[in-house]
Every structure is written in C-alpha cells, then in structure tokens.
Amino acid sequence: MPVKRREATDRSSSDHCYSRRIRGRLLPAHMLRQSWDADVIVVGAGPAGSSAAADLARRGHRVLLLERESFPRDKVCGDVLLPSLQKPLSAIGTSLDILAGDAATIHGCGFTTATNIHATGTFRDRQGNHQPWRILPRVLFDERLARHAERCGADLRVRHSVEEVTWDQQKQVNIVTVRNRSSVNNYHAPLVIAANGAFSRFGQRSGLHQPRNSNRGYSVALRTYVQYPQQERIFEVFADADLKRGCCWLVPGPHGMANVGIGTFDSPNRPTRTNLESIFRKRIGQRVNLDGCAPMAGWLLPGPCLTRRTVTDGLLLVGDAAGFVDPFTGHGIHTAVSSGLLASTASHHALLSGMFLHHQMPLRSYEKAWRKAFGVDFVLGRLFQRLHHDQRLLDKIMLHAAHNHLWADEVMSIIGHALPRSSVMRPSLFSRIIRSQLSNRGADQQRMSGPAA
Numbered sequence: 015m016p017v018k019r020r021e022a023t024d025r026s027s028s029d030h031c032y033s034r035r036i037r038g039r040l041l042p043a044h045m046l047r048q049s050w051d052a053d054v055i056v057v058g059a060g061p062a063g064s065s066a067a068a069d070l071a072r073r074g075h076r077v078l079l080l081e082r083e084s085f086p087r088d089k090v091c092g093d094v095l096l097p098s099l100q101k102p103l104s105a106i107g108t109s110l111d112i113l114a115g116d117a118a119t120i121h122g123c124g125f126t127t128a129t130n131i132h133a134t135g136t137f138r139d140r141q142g143n144h145q146p147w148r149i150l151p152r153v154l155f156d157e158r159l160a161r162h163a164e165r166c167g168a169d170l171r172v173r174h175s176v177e178e179v180t181w182d183q184q185k186q187v188n189i190v191t192v193r194n195r196s197s198v199n200n201y202h203a204p205l206v207i208a209a210n211g212a213f214s215r216f217g218q219r220s221g222l223h224q225p226r227n228s229n230r231g232y233s234v235a236l237r238t239y240v241q242y243p244q245q246e247r248i249f250e251v252f253a254d255a256d257l258k259r260g261c262c263w264l265v266p267g268p269h270g271m272a273n274v275g276i277g278t279f280d281s282p283n284r285p286t287r288t289n290l291e292s293i294f295r296k297r298i299g300q301r302v303n304l305d306g307c308a309p310m311a312g313w314l315l316p317g318p319c320l321t322r323r324t325v326t327d328g329l330l331l332v333g334d335a336a337g338f339v340d341p342f343t344g345h346g347i348h349t350a351v352s353s354g355l356l357a358s359t360a361s362h363h364a365l366l367s368g369m370f371l372h373h374q375m376p377l378r379s380y381e382k383a384w385r386k387a388f389g390v391d392f393v394l395g396r397l398f399q400r401l402h403h404d405q406r407l408l409d410k411i412m413l414h415a416a417h418n419h420l421w422a423d424e425v426m427s428i429i430g431h432a433l434p435r436s437s438v439m440r441p442s443l444f445s446r447i448i449r450s451q452l453s454n455r456g457a458d459q460q461r462m463s464g465p466a467a
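So in my numbering, the last one in the sequence shown is 467, and the numbering has no gaps at all.
This is the structure we're talking about:
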C-alpha cells in the first residue's frame, strides 16, 4: 500500500524535481518517484523520527513514519524539555506551549555533593533572563509530536515493526520489510531515517553503530516515579561517595509526581544494578518516600563519538540511534529533535538531486552539520564527566556556589543548558575556580594548624 499522496506545502513544490536532469542526464526510470512507495521511510516515532517526518512532509515529500508500538507508550527518560527545543519545534510548525502546555516547570538546580555540601542556583541566560525547563512524561510528549507529524502530512502507522532494510545498489532504493500483526510487507524508498533507539540494528548491520555487547560508550540509568506533592520547583542532584562516576536525581513533574533515578557514566567498572538501587534508596530515600513506588526501569544511554559514521547508502541515523545523548547530563530530547531536522534537510537535498550514496554531498552534509551543531557540547560534556569524578574539586566549586548566588546561578545554568557549555572556557570562570581553590586551601591549612599558642 503506497503512502498517501500529499500536496507540497511550505518550502518545495517537489513533484517536478524527481525527473529533472542531473548533471546533464535524465534520472533513470527506476529512480522516478512513481516507483517508490514513499520518498522517505522513518523508522521510530520518537522525538527524532517525528521531527524528521514532520519537516519532510511540510517540504512536500511523501513520508512513511513507522512505530513499532501503539500510542500511548512509555519511554524511560528524565522527561526534561529544554528551552532550546523552542527553535527546532517552531521550524516544524509547533511549540512547547502547544505540545507541553500542561508540563511542570523547573526554575533551577540544587546540587548536593557526597560530603553534603549543598548549593542552589537559577537557570538564567547571558542576559539574566530565566530559562525554565518543562517536565512532561514521554508517554505524553512522544504521542503529541507524532500526531503533529501526522497532521503535517506524514503517514503514521503504529504497530509496524521493521524487520529488515536492504539497499538495492543497482536500483538505488531501500527495500524495507515491515511486519504488521500477521502480515509482512515490503516498501520501497530511496531514503531511510533510522530513529529506532540506541541499539538500532539497521545501523549495526551497516557498520554504523557499536555492537550491542560493548559496555564501553554506554551509560546506565534507572528511573521510577514517586508521589511528590511539594511545590519546590528545582531539579535536585545528589552525588555519593560510592558512586564515583554518576549521581541520583529528583525531577518534579506534573500531577503531583516526580521522576527519580540514578545514573552512572560509561565506565568499564560501573556498579551492578543491585548496587545502583542500594545507592539510590540511600540518597533519594532521605528526600522522598519510596514506599509503594513502581519497580525501577533501566536503560542504556549511548555515548556520542565525533568520529562515528551516521550515514551509509540510503540510510541516516538520528537521535539515540546515532548516539546523540549528552555525555554529562544524559539529556537527549533536544539533540534528537535537532538531528531529525538536520537529517530532514540532507534528505530533502538528496531527493532533489537524486544522490543517495553516502559519499555524495547531500548525505555527507548531514554528518558535517551534526558535528558542527553538537561537537562542542559533546567534547565539553566529556570534560564535565571527568570534573564530576574529582570529588575534591566538586566540593570546592559547590562550596563557593553555596556562598555566592551569582556563581551558583552560573554553575547551575551551565548544568541546565541555560548557558552554553563554551562558557567554561571564559578566563573569568577559570579565575573564579582558582580563587575558590586557593581560599579553601588556606582555610584547610588554618584548620590543620589549630589555634595559636
């Protein structure tokens, strides 16, 4: 069954372009649009896939958006919608107000070190404006964004599981095998956007992804929901001496609930699940009542790699499938949506030119675009991982923040993405860290020397 026909809308009257001359020759008959079931097949209706599908449909392309499960369906996540989502969402004709008008708002972050030094700051941008988070469970957000893609013209089909993607080199088209309940069908499209999660088997088979049994490069997180009637609207982070490379969190959400969990950065010697749950109950159990909460759900977060390939002939990886998860905070919704739009732009140009091979400019442009968009944040996120591992340095930074609200706002704003990560490269910030280290060192020496005789 071919994808439903849709008239081109905003940015492209695209019907004519598929049979135009490319470099002085007509496209072969097998590359004509009429021989495809869709121009692009998007696998996975999460934030990355739905954003790509919405953008392509708005450009006038025929898009088949396949989701393995039926809505509503849950996705283990921290549920954080950053203010930076506003720009990419507006590019596809929607907004946070439309998709998350009933979300809870978070105005700042409270950080408690392993030695119980506590500092709280507000999320502010460089102009001093508040940059609050919105908190909405993925069970709601994902469906709303997918339905928006459907309204844009994408053909959304739930309970459609993609079994195989095969590239026909001669015809330059993907053959996508899809199982829907008891039937199996093949669909043809020159481009596939894989947005089917951290263990996208299509990426693995194409040599674009780390093997599933590789522990390096993946962080581990456990999450559940608890009742949280308090009105304090801050994101709380708790470090622990038994968790060298990770933390616990509490994120107040809507409807009197909170998202609570524990995560550890990628490490060859990370704790077992039993140890993680024990640390979680020790730290979070002091803050909220965990009696009667649902069992913790776990997931692996892929680590980003700037040298990772994310395209092959006729196939692009986006979101978690490409490893686009913040290596420090674990946030991935904003990079998922942005990567979906970057992949959509590359796919649009590939369709206009008839160039679907990985070494040709349209698909190559996608890899250049995401490295430019995310590269600095990914590199500095790795640096923040190492700083977080240094508990003495972390104590000094938070002790200074506890006594200086401007410093606290700046630190928490960097953690909360209200300020760009590149802010840490400013000389003024380095000088503050050095001064805090020297002042604390002097205080330590004074305590060690004791009172004068």
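For glycine and all other residues, C-beta sits at the position ideal for the given N, C-alpha and C.
Residue i CB to nearest heavy atom of the ligand COA below 7 Å
i, result
"C261", "The ligand COA is not among the ligands present in this structure, which contains no ligands whatsoever."
Cross-strand partners of residue i (DSSP beta bridge)
i, result
"R287", "Partner(s): none; R287 has no beta bridge."
"C262", "F252, I276"
"T359", "In the DSSP output, where bridge partners are listed per residue, T359 has none listed."
"I55", "L78, V206"
"T343", "None, per the DSSP bridge assignment."
"A133", "F125"
"Q241", "M271"
"W313", "A235"
"T326", "L329"
"L257", "D254"
Same chain only: Cβ atoms within 6 Å of residue i, ignoring 5 sequence neighbours per side
i, result
"T127", "A253, L408, D409, M412"
"D69", "I106, L355, S358"
"A168", "A67, A71, V77, L79"
"I298", "C262, V274"
"F249", "I120, C123, V265"
"S437", "I428"
"W50", "H202, A203"
"D340", "G395"
"S64", "L159, A160, A163"
"R259", "T278, F279, S281, H403"
"C166", "A68, A71, R72"
"E81", "A59, V172"
"G312", "L236"
"S175", "R82, R193"
"S109", "L103"
"A416", "A133"
Residue interval of the beta strand (DSSP E) (run including residue i)
i, result
"A308", "Careful: A308 lies outside any beta strand (DSSP E) and carries neither H nor E."
"L420", "Element bounds for L420: not the beta strand (DSSP E) but the alpha helix (DSSP H), 419 to 429."
"L529", "Look at the range of the chain in this structure, 15 to 467, and you will see that residue 529 is not part of it."
Burial state of residue i (16 or more Cβ within 10 Å)
i, result
"P146", "buried"
"N273", "buried"
"G464", "Residue confidence for G464 is low, a pLDDT of 44 falling below 50, so the modelled location carries little weight; the figure read from the coordinates is stated next. Exposed, by the Cβ-count rule."
"E164", "buried"
"L331", "buried"
"S214", "buried"
"H269", "exposed"
"V57", "buried"
"M375", "exposed"
"S197", "exposed"
"F294", "buried"
"S84", "exposed"
"L205", "buried"
"L397", "exposed"
"R138", "buried"
"P285", "buried"
"V393", "exposed"
"I276", "buried"
"H419", "exposed"
"A255", "exposed"
"R140", "exposed"
Residue range of the alpha helix (DSSP H) that includes residue i
i, result
"D405", "In the sequence as presented, Asp is not what sits at residue 405; that position holds Gln. Its alpha helix (DSSP H) spans residues 405 to 416."
"G63", "61 to 72"
Contact set for residue i: own chain, Cβ-Cβ below 7 Å, skip 5 residues either direction
i, result
"D93", "I149, L150, P151, R152, V265, G267, N273"
"A117", "L95, R148, I149, L150, P268"
To test your reading of the DSSP string, which unbroken beta strand (DSSP E) runs of 3 or more residues are found completely within the stretch 136 to 203? Counting only runs of 3+ residues, the beta strand (DSSP E) found wholly inside the stretch 136 to 203 occupies 147 to 149, 169 to 172, 175 to 182, 187 to 194, 197 to 203, in chain order.
Give, in chain order, every unbroken run of the alpha helix (DSSP H) that is at least 4 residues long and sits entirely within the stretch 90 to 129. Counting only runs of 4 or more, we get 100 to 105, 110 to 113.
Jot down the residue ranges of each uninterrupted alpha helix (DSSP H) in the stretch 345 to 399, minimum 4 residues, whole runs only, in chain order. If one requires a minimum length of 4 residues, the alpha helix (DSSP H) runs lying completely within the stretch 345 to 399 are 347 to 367, in chain order.
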